[in-house]
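Those letters in the sequence shown? Residues 1 to 151, per UniProt numbering, in order. Notes for the one structure printed next.
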Amino acid sequence: MNYVPGTASLIDDIDKKHLVLLRDGRTLIGYLRSIDQFANLVFHQTVERIHVGKKFGDIPRGIFIVRGENVVLLGEIDLDKPCDTFLQQVSIEEILEEQRMEQQAKQETEKPGFECRRLRTFEFWGTRGRLHSSVEFHDDDWEVLKIMMVN
C-alpha cells in the first residue's frame with residue numbers, strides 16, 4: 001500500500017463530492033476541484049447545510065474557497081449508497097428561522113452562567129508585606145470565601 005503524506009493524499013479525491021466541517025461550525029457539501037500544499041480547498045456546486053433538530057436546509061453557495069486552517073473534517077460522500085435519512089428537508093427561510101430561535105434559546109440559558117463566571121482577584125500578603133500569590137475565583141465561591149475570612 002502506497003501512503004502519500006500530507007495534502008498530496010487528497011489528489012485522488014479531486015472531482016468527488018465531499019462534506020467539510022469548518023471551525024466555525026458550518027457544514028459545506030460540494031465537489032472538490034482543487035487543493036494546495038496548505039490544504040486550502042476549492043469547491044464547486046457548494047451548498048451550506050444547516051441542521052436544526054430533525055430538519056435541515058441547503059443554502060446554495062456556488063464556488064467556495066476554504067482556508068486549510070479552518071477545516072476540521074473532510075470526508076467523501078458515497079453517491080452509490082442510498083440516502084435513507086430521518087431528517088426532513090425544509091426551505092431556506094424556515095431553517096434560518098429555526099436556527100435563529102435555537103441560538104436565542106441557547107443565549108438565554110447561557111446568560112445567567114456567564115454572570116457567575118465573573119472573576120474576582122485577591123492578593124495575599126506575607127508578614128513583611130511581600131506579595132505571595134494572587135488567587136482568582138468565581139462568584140460561586142464568594143460565599144465560601146466570606147465564611148472563611150470571618151472564621
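C-beta atoms are modelled at their ideal positions from N, C-alpha and C, and glycine is treated no differently. Here the structure is a predicted model, which is why all the values come from computation and not from measurement.
Can T27 and R49 be called in contact, C-beta distance under 7 Å? Translated into the one-based positions of the sequence shown, residue 27 becomes position 27. Translated into the one-based positions of the sequence shown, residue 49 becomes position 49. A contact, by the Cβ cut-off of 7 Å.
Using three-state DSSP, classify T7 as helix, strand or coil. Position 7 of the sequence shown holds residue 7. Of the three classes helix, strand and coil, the one that applies to T7 here is helix, per DSSP.
Exposed unless 16 or more other CB atoms sit within 10 angstroms - verdict on D12: Start at 1 with the first residue of the sequence shown, and residue 12 comes out as number 12. With fewer than 16 Cβ atoms within 10 Å of its Cβ, D12 is classed as exposed.
Rounded to the nearest angstrom, what separates D15 and G62 at their Cα positions? Locating residue 15 in the sequence shown gives position 15, where the first residue counts as 1. Locating residue 62 in the sequence shown gives position 62, where the first residue counts as 1. Roughly 15 Å between the two C-alpha positions.
Alpha carbon to alpha carbon, how far is L41 from R67? Give it in angstroms, no decimals. Counting from 1 along the sequence shown, the entry for residue 67 is found at position 67. Counting from 1 along the sequence shown, the entry for residue 41 is found at position 41. Their backbone Cα atoms lie some 7 Å apart in a straight line.
Between I29 and L19, is the Cβ-Cβ spacing less than 7 Å? Mapped onto the sequence shown, residue 29 falls at position 29. Mapped onto the sequence shown, residue 19 falls at position 19. Taking C-beta atoms as the reference points, I29 and L19 count as a pair closer than 7 Å.
Pairwise C-alpha distance: D80 and E98: Counting from 1 along the sequence shown, the entry for residue 98 is found at position 98. Counting from 1 along the sequence shown, the entry for residue 80 is found at position 80. If you take the alpha carbons of E98 and D80, they lie about 31 Å apart.
What does the alpha-carbon distance come out to for the pair E69 and P60? As a first step, residue 69 is located in the sequence shown; it is residue number 69 there, counting from the start. As a first step, residue 60 is located in the sequence shown; it is residue number 60 there, counting from the start. C-alpha separation (whole angstroms): 23 Å.
Go ahead and pull the three-state DSSP assignment for D12. In the sequence shown, residue 12 corresponds to position 12, counting from 1. The answer is helix: DSSP assigns D12 an H, G or I state.
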